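Asks:
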Amino acid sequence: LLTQGVWFPWKPGPSSFPTHVASCPRRGLCYEQFGAGRCKELLGEDVPQADCCLNPSYGYRPRAGAPCQSCRQAEWSDWTPWGPCSVSCGEGVQRRSQTCLGQGQCSDGQHKRWEIQACSLKDCCPVMGGWSAWGPWSSCSVTCAEGVRKRIRSCTEPAPICGGSCPGPSTDTLPCDTNKICPTHGNWGSWGQWGPCSATCSPEGAGQKPQQRRWRVCNNPPPSSIPPGLPCSGSASEDQSCLGLPFCPVDGAWSNWETSSPCSVTCGLGRITQKRLCNNPAPQHGGKACLGLNTRSHFCNTKIPCPVDGQWSEWGEWSTCSRPGYTGSISCQEIVGQQRRTRECKGRSPDGKRCEGSYIHIRSCYNMYRCKLEGQWSDWSSWGLCIPPCGKNPMKSRKRVCQPTYPKFS
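So the sequence shown is residues 916 to 1325, counted in the numbering used here.
1) I'd like to know if the stretch 1269 to 1287 and the stretch 1219 to 1231 are in contact, where contact means that at least 3 CB-CB pairs between them fall below 8 Å.
2) Give every residue of the same chain whose Cβ lies closer than 6 Å to the Cβ of Trp1298, excluding the five residues on either side of it in the sequence, and list them in chain order.
3) Ser931 by DSSP, collapsed to three states: which one?
4) Mind checking whether Arg1256 and Ser1234 have CB atoms under 8 Å apart?
5) Do Gly1044 and Pro1073 have their beta-carbon atoms positioned less than 8 Å apart in this structure?
6) What does DSSP give as the partner residue(s) for His1276 in the beta ladder?
7) Starting from Gln1127, trace the beta strand (DSSP E) in both directions and tell me its first and last residue.
8) Pull up the DSSP beta-bridge partners for Asp1087, would you.
9) Consider the C-beta atom of Gln1253 and the heavy atoms of the ligand PLP; say whether any pair is separated by less than 7 Å.
10) May I have the straight-line CA-CA distance separating Thr1188 from Ala1114, to the nearest angstrom?
11) Could you spell out the range, first to last residue, of the alpha helix (DSSP H) harbouring Gln964?
12) Per DSSP, what kind of secondary structure is Trp1029 in: helix, strand or coil?
13) What is the DSSP secondary structure of Asn1209, reduced to helix, strand or coil?
14) Which same chain residues end up closer than 7 Å to Cys1280 when comparing Cβ atoms and leaving out the 5 residues on each side of it in sequence?
15) Excluding sequence positions up to five away, which residues of its chain have a Cβ less than 8 Å from the Cβ of Glu1232?
16) Hey, out of Phe949, Pro1137 and Arg1186, whose CA is closest to Cys1147's CA?
17) How many Å lie between Trp1292 and Ile1302 at the Cα?
18) Tyr1274: buried (16+ other C-beta within 10 angstroms of its C-beta) or exposed?
19) With a 10 Å radius around its C-beta and 16 neighbouring C-beta atoms as the bar for buried, classify Phe949 as buried or exposed.
20) Does DSSP put Ala1218 in a helix, in a strand, or in coil?
21) Report yes or no: do three or more beta-carbon pairs, one from the stretch 1031 to 1047 and one from the stretch 993 to 1007, lie closer than 8 Å?
22) Tell me whether Leu944 sits in a helix, a strand or coil according to DSSP, three-state version.
23) Identify which residue in Arg1191, Glu1119 and Gln1126 has its Cα closest to the Cα of Pro1164.
24) Can you have a look at Gly1306 and say buried or exposed, based on whether 16 or more other CB atoms are within 10 angstroms of its CB?
25) What distance in whole Å lies between the Cβ atoms of Gly1110 and Arg1129, which are believed to be in contact at a cut-off of 8 Å?
26) What are the start and end residues of the beta strand (DSSP E) that includes Val1251?
27) Are Ile1230 and Cys1205 closer than 8 Å when you measure CB to CB?
28) Note the first and the last residue of the continuous beta strand (DSSP E) segment covering Trp1292.
29) Between the C-alpha atoms of Glu1006 and Cys967, what's the straight-line distance to the nearest angstrom?
30) With DSSP as the reference, label Gln1318 as helix, strand or coil.
31) Would you list the residues sitting across from Trp991 in a DSSP beta bridge?
32) Based on the DSSP output, what are the partners of Lys1261 in its beta bridges?
33) Is Lys1307 helix, strand or coil by DSSP?
34) With which residues is Asp1092 paired in a DSSP beta bridge?
35) Can you say whether Val936 is buried or exposed, counting buried as having 16 or more other CB atoms within 10 angstroms of its CB?
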């Protein structure tokens, strides 16, 4: 806020002529915040100090760049941190200060006051030492070409005190020439490209992986011959395992034969079956299956004779049709007779089974052997094929059979 100035009353001057002098209010920069000797938040410029300090929390600066003052009653600021010690060794002093901030004057009428105290960074100050005499020159640092010779001196006459030192170097050098040519020792050149893998596939598991190799040449530089230089140390080649290869095919192989069943019989000769598995190893990664059969059999001998069961022989011929107990002839008669045939149980050992069933077979019959009976034609068969199938005069035929008319036996 800007306020128009007001003149003070006239005061008499030293001259015989009346002189009129007036004093305008102090004007400066007004800030809304003041703290720790700093002003913040500028409110306005060219503001009378009296107007700015109507609020005691404001800060005031008489002009740009001038120290900021508090609108409160004048009071001393906090002590500043202690300044650096005036000396780097021995006893010195350091000081700190306070500033009178605010309107009016502080208690002793000063704008700034100081406080001083003794300080010491080091108990003693460094004292420089003195060099001893130079020692003898050393031998040449090399046995060929050019090198240097050295001599040294020590900082001991007198020795430095409290971290002091001697001025100048402790070592002196002098060029030397052996008048000899140095041998050139070999050094390896760059590695070449990796060669092809030793195989196109990799075994599965912890087996030896295919390898690839690369070479290098001892030519960077090569060892000299006169004078002789040392050859390159280390190997001229190195190997590494090939990565990313497919697994190698594994052909299947049979396991050992194992008996899968006992002898098929309990007496005499029988059969034993054996099995094996294609798992030693099993085919993998496109490998071939096992060749051959996975089962086999061979005879087994129990060394125990087997019992022999009886077996029927073939049936014998039918007997003539007759009627038991009938004294007359039944030939060509409507009289029922009987026919018999028999068989034998052969080959049975004492502990073998008997033949099952009957040894005799009886059936009813009529004795029509060589009897005269009326005949009767059967129906005609179907016509056959033409013979010959092509050509002249082909013929086809059919037939019928004259069958006897048997009596109606009861």
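Every residue gets a Cβ at the ideal spot worked out from N, C-alpha and C, and that includes glycine. This one's a predicted model, so the numbers in the text were calculated from it and none came from an experiment.
Replies: Checking against the coordinates, here is how it stands:
1) Contact between the stretch 1269 to 1287 and the stretch 1219 to 1231 is present, because at least three Cβ pairs lie under 8 Å.
2) Here residue 1298 is taken as the residue at index 383 of the sequence shown, counted from 1. Hits under 6 Å: Lys1311 and Arg1313.
3) Indexing the sequence shown from 1 puts residue 931 at position 16. Any answer about Ser931 is weak, because its pLDDT of 38 lies below 50 and its placement is not dependable; what the coordinates show is given next. It is coil, neither helix nor strand.
4) Within the sequence shown, numbered from 1, the residue matching residue 1256 stands at position 341. Within the sequence shown, numbered from 1, the residue matching residue 1234 stands at position 319. Going by beta carbons, Arg1256 and Ser1234 fall inside the 8 Å limit.
5) On the sequence shown, position 158 is the one that residue 1073 refers to. On the sequence shown, position 129 is the one that residue 1044 refers to. For Pro1073 and Gly1044, yes; Cβs fall inside 8 Å.
6) Along the sequence shown, one-based indexing puts residue 1276 at 361. DSSP output for His1276 lists Arg1256 as bridge partner(s).
7) The sequence position of residue 1127 within the sequence shown is 212, counting from 1. Element bounds for Gln1127: Gln1126 to Trp1130.
8) The sequence position of residue 1087 within the sequence shown is 172, counting from 1. Beta-bridge partners assigned by DSSP to Asp1087: Arg1066.
9) For the structure depicted, the ligand PLP is absent and the ligand set is empty, with no information on it obtainable.
10) Here residue 1188 is taken as the residue at index 273 of the sequence shown, counted from 1. Here residue 1114 is taken as the residue at index 199 of the sequence shown, counted from 1. In a straight line, the C-alpha of Thr1188 is about 43 Å away from that of Ala1114.
11) Within the sequence shown, the letter at position 49 stands for residue 964. Note, Gln964: alpha helix (DSSP H), Gln964 to Cys967.
12) Position 114 of the sequence shown holds residue 1029. Note: Trp1029 maps to strand in three-state DSSP.
13) Walking along the sequence shown from the start, residue 1209 turns up at place 294. Asn1209: coil per DSSP, three-state reduction.
14) Mapped onto the sequence shown, residue 1280 falls at position 365. Excluding sequence neighbours, Cys1280 sits near Cys1236, Gly1252, Gln1253 and Gln1254.
15) Stepping through the sequence shown from its first residue, residue 1232 is reached at position 317. Same-chain partners within the cutoff: Arg1256.
16) Counted from its first residue, the sequence shown places residue 1147 at position 232. Considering only alpha carbons, the answer is Pro1137.
17) Reading the sequence shown from its first residue, position 377 is the one you call residue 1292. Reading the sequence shown from its first residue, position 387 is the one you call residue 1302. Taking C-alpha positions only, Trp1292 is separated from Ile1302 by approximately 25 Å.
18) Position 359 of the sequence shown, counted from the first residue, corresponds to residue 1274. Exposed, because fewer than 16 other Cβ atoms sit within 10 Å of the Cβ of Tyr1274.
19) On the sequence shown, position 34 is the one that residue 949 refers to. Its Cβ being crowded by 16 or more others within 10 Å, Phe949 is buried.
20) Position 303 of the sequence shown, counting from 1, holds the residue named residue 1218. Residue 1218 is actually Lys in this sequence, not Ala. Reduced to three states, the DSSP call for Lys1218 is coil.
21) The stretch 1031 to 1047, when compared against the stretch 993 to 1007, does touch it at the 8 Å Cβ threshold.
22) Counting from one through the sequence shown, the residue named residue 944 turns up at place 29. Leu944 falls in the strand class under three-state DSSP.
23) Residue numbering aside, residue 1164 sits at position 249 when the sequence shown is read from its first letter. Looking at the Cα atoms, Glu1119 is the closest of the given residues.
24) Indexing the sequence shown from 1 puts residue 1306 at position 391. When all chains shown are included, Gly1306 counts as exposed.
25) The count along the sequence shown starts at 1 and reaches residue 1129 at position 214. The count along the sequence shown starts at 1 and reaches residue 1110 at position 195. Approximately 6 Å separates the beta-carbon atoms of Arg1129 and Gly1110; this is inside 8 Å, confirming the contact.
26) Here residue 1251 refers to the residue found at position 336 of the sequence shown. Taken as a continuous stretch (DSSP letters only), Val1251 belongs to no beta strand (DSSP E), as it is neither H nor E.
27) What you label residue 1230 is simply residue 315 of the sequence shown in a count that begins at 1. What you label residue 1205 is simply residue 290 of the sequence shown in a count that begins at 1. Note that residue 1230 is Trp in the sequence shown, not Ile. No, the pair does not count as a contact, with Cβ atoms beyond the cut-off.
28) For the purposes of this step, residue 1292 is taken as the residue at position 377 of the sequence shown. Note, Trp1292: beta strand (DSSP E), Gly1290 to Trp1292.
29) Within the sequence shown, residue 1006 is the residue found at index 91, counting from 1. Within the sequence shown, residue 967 is the residue found at index 52, counting from 1. Cα to Cα, Glu1006 sits roughly 48 Å from Cys967.
30) By 1-based counting over the sequence shown, the position of residue 1318 is 403. Gln1318: strand per DSSP, three-state reduction.
31) Position 76 of the sequence shown, counting from 1, holds the residue named residue 991. Cys1015.
32) Here the question's residue 1261 lines up with position 346 in the sequence shown. Bridge partners of Lys1261: Gln1226.
33) Along the sequence shown, one-based indexing puts residue 1307 at 392. Reduced to three states, the DSSP call for Lys1307 is coil.
34) Taking the first residue of the sequence shown as position 1, residue 1092 is located at position 177. Among the bridge pairs identified by DSSP, Asp1092 is matched with Glu1061.
35) Numbered from 1 along the sequence shown, position 21 holds the residue referred to as residue 936. The predicted position of Val936 is uncertain, since its pLDDT is 39 and thus under 50; no value can be drawn from it.
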